Structure formats: C-alpha cells, structure tokens
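Let me begin by presenting the structure, written as structure tokens, before commenting on it.
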Amino acid sequence: VAGHQHAGQAGGTYQLPAATAGPGRPGPSTEKGDVICYYGNRGEREPVVLAPGTYGLSNALLETPWRKLCFGKRLFLEAVERGQALPKDALAAQLLDVLNNEEAQLPDPAIEDQGREYVQPILSKYAAVCVRCPDYGTRTNTVILVDADGHVTFTERSMLGTDPSCWETSTHEFRLQS
C-alpha cells in the first residue's frame, strides 16, 4: 500500500483489515473474513468492499480516470515488480519515489476541465502524481509493506512545516496478530 495526503484535503478512508493477495493467495482470506473497503467524503455513503487488485486514489473518488492516477498506478506496479528481489528498505524508497514524481501528465481533459479557473503553470502542477503548490499539495507519503509472515513495515515521509524542501521520514515495524 502506498499513498499520500494533500494539504487542505477533506475526508479520509475507512479500512477494515486488509486481505492478503499474492502467490498462493490470489484473493481475500475467507478463513478469517478479512476484507478491505474504500470510504471517502464523496461518492457512496457506506464503505465499498473492494475485490483483490490494485487501485488508484488521488484527491477525488477511487479510480478517477486522471492521467496522473493511471501513470502513478503504472509506476507503482513497475516498482513492486522490480522490488520483488530488493530488501524492504529499498522497495519502500522506490515506492516513495513513485509518490514524489512531479512529472505533469498533460494533456488531461479531466484535469483541465476541473481546473478551468487555473492558469496553465499551476494546472500542470496539479496534473502530477506529487502536487507542489504554495497552499495546496502533497504533505505526507505513506508506504505500508506486509510480508507473508505478517511482518509490517510502515514508512511515512512528511513535509516539515510549509517548506517543500524539508521532509522527515519515520519507519515503524510490527507483526500482525493472528
């Protein structure tokens, strides 16, 4: 799981215990009833149960078809594929790189339509996976790695104050209870 939070972003997510997918476990565990849900401040009024898979979320509804979201999902999947043979700290670093990609994904009619009142230089910043603007943008990146034995590595990178050049990274490790 990798994600980030924007300054000024309202709402959040509601999540039940995550289903583990991967080799030998293609779908959710029905043995324990594990499930993962999506819930936000827009869209459905109740949590939505998600099927196993890879989902993209930006500052909109789940799977909003923005180019930056599709691009970010592709980068994420490539990083996970490359990271299969890497130590967990190297994989976490690659995923943080994905979340900090500032390459504008224009033209994007959906972003351009939503941001009609913005001038083009600002709009191009909103069209990147990582948004960096004076009063709005990415403030926190989170990467959660869970191995087959239930060992969790939670890495979070947060901007200190309002200076986009000052970040602090912290990592916490623990084991899931069975």
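The numbers in full-length UniProt numbering rise by one with no breaks, and the one at position 146 of the sequence shown is 146.
Ideal Cβ positions, reconstructed from N, Cα and C, are used throughout, including at glycine.
Since this is a predicted model, take the numbers as computed values, not measurements.
Check                                                                                                             : Outcome
Between the CA atoms of D89 and L176 - distance to the nearest angstrom                                           : 19 Å
Reference Q94, options D108, A79, G40, A104, closest by Cα                                                        : A79
The stretch 124 to 131 in contact with the stretch 148 to 158 per 3-pair CB rule at 8 Å                           : no
Closest Cα partner of L96 within the set S178, A51, W167                                                          : W167
Where E103 falls: helix, strand or coil (DSSP)                                                                    : coil
Outcome for P99 when other beta-carbon atoms lying within 10 angstroms are tallied against a minimum of 16        : According to the sequence provided, residue 99 is Leu. The question's Pro does not apply to it. By the neighbour-count rule (16 or more Cβ atoms within 10 Å), L99 is buried.
Run of the alpha helix (DSSP H) containing V80, from where it starts to where it stops                            : 67 to 82
For E173, the residue or residues it bridges with in DSSP                                                         : T153
Nonlocal neighbours in the same chain, by C-beta distance under 7 Å from V131, ignoring five residues either side : H6, K125, G137, T138
L145 in three-state terms, based on DSSP                                                                          : strand
Cross-strand partners of V49 (DSSP beta bridge)                                                                   : C37
Three-state class that DSSP yields for P26 in the structure shown                                                 : Residue confidence is low: P26 scores 40 on pLDDT, short of 50, so the model does not pin down where it sits. Its coordinate-derived value is still stated next. Here P26 sits in coil by DSSP.
Nearest-angstrom Cα separation, counted from K68 out to D34                                                       : 30 Å
The alpha helix (DSSP H) enclosing P109, as first and last residue numbers                                        : 109 to 114
T162 beta carbon near the ligand NAD (any heavy atom closer than 8 Å)                                             : Questions concerning the ligand NAD fall outside what the structure shown contains, since it holds no ligand whatsoever.
Pairwise C-alpha distance: G56 and L75                                                                            : 11 Å
For F71 and E63, the rounded distance between their alpha carbons                                                 : 12 Å
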